[in-house]
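Inspection log for the structure reproduced underneath, given as structure tokens.
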Amino acid sequence: MDAKFLINGDTAISVQIASEISIENSRKVNAVKRALEANPINGVTELLPTYCAVMLHYQPHIIRYDELVDACRRVLDGFDENDLGVQGPEMVIEIPVYYGPEWAIDLPEVAEFHHLSEQEIIDIHTGYPFYTYMLGFSPGHPYLGSENPLRMPRRAVPRPLVERGCVVVMNNQSVVEPIDSPIGWNVIGRAPIRIFNIEREDPFRIKAGMWVQFRQIDRAEYDQIDRLDAAGQYEYKIYEKKGDAYGDHR
Amino acid sequence: MGIIVEQAGFLTSVQDSGRFGRQQYGVTVSGAMDVRSLAIVNLLVGNDQGVAALEATMVGPSLRFTSDSVFAVVGADMAPRLNDVPVGLSCAVMAGKGDVLTMSLAKYGCRAYIAFAGGIDLPEVMGSKSTYLRGKFGGFEGRALKKGDALDFGSSGQLPLDISTRSRKPEVFSSTEITLRVVMGPQDTAFTERGIETFLSTPYTITKECDRMGARLDGAVIEHIPDGHHSGNIITDGIAFGSIQVPPSGLPIIMLAERQTTGGYTKIATVTSVDVPLIAQARPGMRIHFQKITVEEAQNLYIQQLKMLAELPDSWRENSAMSGWSVQQIKELMVAMKANNVSGIRINGSQLELDAAAASAKMADPQPMVLAEQTYSEPNTPEVRQNEKLITSPIIGTFYAAPTPDRPPFVSVGSVVKKGDVLCIVESMKLMNEVISDKEGTIAEILVKNEQDVEFGQPLFRFA
Chain A
4 MDAKFLINGD TAISVQIASE ISIENSRKVN AVKRALEANP INGVTELLPT
54 YCAVMLHYQP HIIRYDELVD ACRRVLDGFD ENDLGVQGPE MVIEIPVYYG
104 PEWAIDLPEV AEFHHLSEQE IIDIHTGYPF YTYMLGFSPG HPYLGSENPL
154 RMPRRAVPRP LVERGCVVVM NNQSVVEPID SPIGWNVIGR APIRIFNIER
204 EDPFRIKAGM WVQFRQIDRA EYDQIDRLDA AGQYEYKIYE KKGDAYGDHR
Chain B
72 MGIIVEQAGF LTSVQDSGRF GRQQYGVTVS GAMDVRSLAI VNLLVGNDQG
122 VAALEATMVG PSLRFTSDSV FAVVGADMAP RLNDVPVGLS CAVMAGKGDV
172 LTMSLAKYGC RAYIAFAGGI DLPEVMGSKS TYLRGKFGGF EGRALKKGDA
222 LDFGSSGQLP LDISTRSRKP EVFSSTEITL RVVMGPQDTA FTERGIETFL
272 STPYTITKEC DRMGARLDGA VIEHIPDGHH SGNIITDGIA FGSIQVPPSG
322 LPIIMLAERQ TTGGYTKIAT VTSVDVPLIA QARPGMRIHF QKITVEEAQN
372 LYIQQLKMLA ELPDSWRENS AMSGWSVQQI KELMVAMKAN NVSGIRINGS
422 QLELDAAAAS AKMADPQPMV LAEQTYSEPN TPEVRQNEKL ITSPIIGTFY
472 AAPTPDRPPF VSVGSVVKKG DVLCIVESMK LMNEVISDKE GTIAEILVKN
522 EQDVEFGQPL FRFA
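Respectively, the protein sequence lines represent chains A and B.
For the first sequence, our numbering begins at 4 and goes up steadily by one.
For the second sequence, our numbering begins at 72 and goes up steadily by one.
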């Protein structure tokens, strides 16, 4: 497999294997990450997969830059591009969302922008699955992409604080905020679940390569799930994905 | 048993070497901004290099010890004082229960690290005790320290025995400009030749938007290769400690300890690991020059620094004149000294000499014991009071008129001095002790030469 090795100072390199965002490239990135995990390189401390690259953080007193590039090449040379490695079926996580006015402060504006009703926006948001390309920016923060037809740009002035759990959109992307954050995206609802929770043994509910399916709930269900999740008793609905990409799921 | 925060300072938080292993889930590394100072301060008190310590910013905290401990302060000079007696930077200091460590506005540098033998006892969050301020987790309740907070020390049990030799020349940080060595990449090809030239040849100024997450710089715009509306943007990828992002504006941002794990701006270069502490210790308004080196050179420097740190404890053991002394014995010595009005002892090889200073009735307990080696007495000794116009040396050591050889002296003849101003440094066994004016007036005469050895009580300055 072809790759570019980009220097990020004296303790990190990026192994860049693609130059555009696609699910196929994302699967390759995750396959390369799995290959590097299966063939660990002494001195590499951390792997960080992104859209088109895997960043390796390493200790130069154990492995120098040139040696690391050689070691990566050996892993990639033994890598069949058509066989993305054993990865098992892709999983879907269902995220319940309450689109009510208590939190969906920008939903009227988003509907107006698209000349649609608020319910039509909700139907679009819940009608297309989102693929998790990567996590980044803040703990547990998923970069989700979908082929839905939403196209509203970010707000001119970011909101200084959007609460944990709020569901925001920008073009055809969407995020469930893992922590209270400032963000320039439009808020269209709130999920009663904590996709990032340091109290859990595994704090991260959404992982790179997972699919996200939003489901509309009412206020009563929101409150019920919120109570359960706060007590660590909410059972997240996670299931195997049928079909291959965005379209096949619909 | 540990410390109680009496004053929190400007921004004081618990930090260790960082929260590693979960960047793939978006978890910010956080940790100490100046990792070198963190390593040194921990080694001084007998800890491993990456153990949790306090990171104080610009104005240090006041801390009351609730148990005996050994501590050290490394990094920015916030004039640490134990029970109002100056203690040196970069040396192990013994504190007793009830002692109060006070720190003030940094004279140079931006961040000071305070470590305690045994570290700070807090639960780890995802493998680290570092405070992630924006994420509100880790450290002490996920936040900066506040007045009244109580922190416990870890149960190392063992105080370092060779504390008398545990010191190192403090690193002095510039207050005006720094040169940061960088390794070019990963996206240096996104810039024009002129853009690269601009970056490497013109100075940048640190703006006020400068915190644990990053430092935004001002200066000449770095030219991207035109790429429509994509210029300055990339497909989001990983960020390293010291990554220099150049967004479409063309003005660089250096990413620091609390950086996000990933970002979508072009990165022209990365600050070398050994130079990241310099930007961590820099303040808004300072100038930065970037100097290009190769990744091989940067890694050589990194490895040299690791070796230097690894060798520090051994160097102290070899120099330890008091090796073989237990903490209990040192404490007994301190008690005996006080009972006999001995203000200090000097060790020349195996020779032990006692200094019997005119003991002041004001030698109230508990007296902080700096190093056994270091002689000191109260600044307001009777001799000093007898001659209101003289400032005398509080210790035996070497007189330095300036903070570093390349900087102007603290004061010269004709200088108008206020109470609390620093007049000079008297160095004793690598401990830099500032002599602080206890009076106001004009300096009429400096009675000693730079780098001259001075005795306890020897007049240094005469006021008009």
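Where is the CB? At the ideal position from N, CA and C, for every residue including glycine.
As the structure is a computational prediction, the values presented were derived from the model and not from experiment.
Could you have a look at V145(B) and say whether DSSP puts it in helix, strand or coil?
-> Along the second sequence, read from residue 1 onward, the residue named residue 145(B) stands at position 74. Note: V145(B) maps to strand in three-state DSSP.
By Cβ distance below 8 angstroms, which residues in the same chain neighbour S226(B) in space, the five residues on each side in sequence not counted?
-> Here residue 226(B) refers to the residue found at position 155 when the second sequence is read from its first residue. Within the same chain, S226(B) has close Cβ partners G189 and D192.
Shortest alpha-carbon distance to R76(A) belongs to which of S29(A), H128(A), I26(A) and V18(A)?
-> To locate residue 76(A), count along the first sequence from 1; it is residue 73. Nearest option by C-alpha distance: V18(A).
Contact set between P257(B) and chain A, taken where Cβ atoms lie within less than 7 angstroms = Within the second sequence, the letter at position 186 stands for residue 257(B). Residues of chain A passing the Cβ test: L9, I10, N11 and S17.
So which of G212(A), V100(A), L153(A) and R30(A) has the shortest CA-CA distance to R167(A)?
-> Here residue 167(A) refers to the residue found at position 164 when the first sequence is read from its first residue. Selected option, being the one with the closest Cα: V100(A).
Are the beta-carbon atoms belonging to I3(A) and V35(A) less than 7 angstroms from one another?
-> Here chain A comprises residues numbered 4 to 253, so residue 3(A) is not present and cannot be evaluated.
Have a look at I186(A), L164(A) and N11(A) and flag the residue whose alpha-carbon is nearest the alpha-carbon of M173(A).
-> By 1-based counting over the first sequence, the position of residue 173(A) is 170. Answer by Cα proximity: I186(A).
Indicate the three-state DSSP secondary structure (helix, strand or coil) for A123(B) in the structure shown.
-> As a first step, residue 123(B) is located in the second sequence; it is residue number 52 there, counting from the start. Note: A123(B) maps to coil in three-state DSSP.
What do you reckon, is the C-beta of I293(B) under 6 angstroms from a heavy atom of the ligand GTP?
-> With respect to the ligand GTP, the structure offers nothing, as it holds no ligand at all.
Given that a residue counts as buried once 16 or more other Cβ atoms are within 10 Å of its Cβ, and exposed if not, what is D126(A)?
-> The residue given as residue 126(A) occupies position 123 in the first sequence. Result: exposed.
Which of helix, strand or coil DSSP assigns to I350(B) = Indexing the second sequence from 1 puts residue 350(B) at position 279. Here I350(B) sits in helix by DSSP.
Give me the Cβ distance between I2(A) and D83(A), rounded to the nearest whole Å; I'm assuming they're in contact under 8 angstroms.
-> Residue 2(A) lies beyond the residue range present for chain A, which begins at 4 and ends at 253; the question has no answer from this structure.
Establish whether the CB of E454(B) and some CB of chain A are separated by less than 7 angstroms.
-> For the purposes of this step, residue 454(B) is taken as residue 383 along the second sequence, with counting starting at 1. Bear in mind that the predicted position of E454(B) carries a pLDDT of just 36, short of 50, making it too unreliable to give a figure here.
Under a three-way DSSP split, which group does D139(B) fall into?
-> Reading the second sequence from its first residue, position 68 is the one you call residue 139(B). Note: D139(B) maps to coil in three-state DSSP.
CB S108(B) to CB G167(B), shorter than 7 angstroms?
-> Numbered from its first residue, the second sequence carries residue 108(B) at position 37. Numbered from its first residue, the second sequence carries residue 167(B) at position 96. No. Outside cutoff.
DSSP state of D524(B) mapped onto helix, strand, coil = Here residue 524(B) corresponds to residue number 453 of the second sequence, with the count starting at 1. It is a strand residue.
With distances taken Cα to Cα, identify the nearest neighbour of L138(A) among P132(A), A6(A) and Y146(A).
-> To locate residue 138(A), count along the first sequence from 1; it is residue 135. It is Y146(A).
Tell me the DSSP bridge mates of I10(A)?
-> Here the question's residue 10(A) lines up with position 7 in the first sequence. I16(A), per the DSSP bridge assignment.
Can you check whether the CB of R135(B) is closer than 7 angstroms to the CB of I75(B)?
-> The sequence position of residue 75(B) within the second sequence is 4, counting from 1. The sequence position of residue 135(B) within the second sequence is 64, counting from 1. Against a cut-off of 7 angstroms, the Cβ pair of R135(B) and I75(B) comes out as a contact.
Distance, Cα to Cα, P318(B) vs W106(A)?
-> In the second sequence, the residue the question calls residue 318(B) occupies position 247. In the first sequence, the residue the question calls residue 106(A) occupies position 103. Those two C-alpha atoms are separated by around 32 angstroms.
Among L39(A), V215(A), F199(A) and G235(A), nearest to I241(A) - alpha-carbon criterion = Within the first sequence, residue 241(A) is the residue found at index 238, counting from 1. The shortest Cα separation from I241(A) among L39(A), V215(A), F199(A) and G235(A) belongs to V215(A).
Report the option in S483(B), F270(B) and V112(B) whose CA atom is closest to the CA atom of A291(B).
-> Against the second sequence, residue 291(B) aligns to sequence position 220. Of S483(B), F270(B) and V112(B), the residue nearest in Cα terms is F270(B).
Tell me, please, whether the CB atom of D87(B) is closer than 7 angstroms to any CB atom in chain A?
-> As a first step, residue 87(B) must be located in the second sequence, where it is residue number 16. It does not; no Cβ of chain A falls within 7 angstroms.
Given 8 angstroms, three or more beta-carbon pairs between the region 172-185 of chain B and the region 139-153 of chain B = yes
Look at the alpha carbon of V141(B) and the alpha carbon of R237(B), and state the distance between them as a whole number of angstroms.
-> Position 70 of the second sequence holds residue 141(B). Position 166 of the second sequence holds residue 237(B). Spanning the two alpha carbons is a distance of roughly 11 angstroms.
Of all the CB atoms in chain A, is at least one closer than 7 angstroms to the CB of G309(B)?
-> Looking up residue 309(B) in the second sequence gives position 238. Yes, because at least one Cβ of chain A sits closer than 7 angstroms to the Cβ of G309(B).
Assign K489(B) to buried or exposed, taking buried as 16 or more other Cβ atoms, counted over all protein chains shown, within 10 Å of its Cβ.
-> Looking up residue 489(B) in the second sequence gives position 418. Per the 10 Å Cβ criterion, exposed.
Hey, Y373(B) and D73(A) are a contact pair by Cβ (cut 8 angstroms); roughly how many whole angstroms apart?
-> As a first step, residue 373(B) is located in the second sequence; it is residue number 302 there, counting from the start. As a first step, residue 73(A) is located in the first sequence; it is residue number 70 there, counting from the start. So it is not a contact: roughly 19 angstroms between Cβ atoms.
Per DSSP, which residues does I96(A) bridge with? Please list them.
-> Your numbering for residue 96(A) matches position 93 in the first sequence. DSSP, once it has assigned bridges, lists V215(A) and I241(A) as partnering I96(A).
Helix, strand or coil for K460(B) per DSSP?
-> Here the question's residue 460(B) lines up with position 389 in the second sequence. If DSSP states are grouped into helix, strand and coil, K460(B) belongs with coil.
Please confirm if the region 303-319 of chain B is in contact with the region 50-66 of chain A, defined as three or more CB-CB distances below 8 angstroms between the two stretches.
-> yes
Examine chain A for any beta-carbon lying closer than 7 angstroms to the beta-carbon of L377(B), and answer yes or no.
-> For the purposes of this step, residue 377(B) is identified with residue 306 of the second sequence, where counting begins at 1. Yes, L377(B) counts as interfacial toward chain A.
Which of the three DSSP states, helix, strand or coil, is assigned to R67(A)?
-> Along the first sequence, one-based indexing puts residue 67(A) at 64. If DSSP states are grouped into helix, strand and coil, R67(A) belongs with coil.
Does the count of Cβ pairs from the region 199-209 of chain B and the region 252-268 of chain B closer than 8 angstroms reach three?
-> no
When F534(B), S88(B) and P323(B) are compared against K460(B), the one with the closest alpha-carbon | For the purposes of this step, residue 460(B) is taken as residue 389 along the second sequence, with counting starting at 1. Comparing Cα positions, the closest option is F534(B).
Interface flag, F140(A) vs chain B, CB-CB below 7 angstroms = As a working note, residue 140(A) is residue 137 in the first sequence. Yes, F140(A) counts as interfacial toward chain B.
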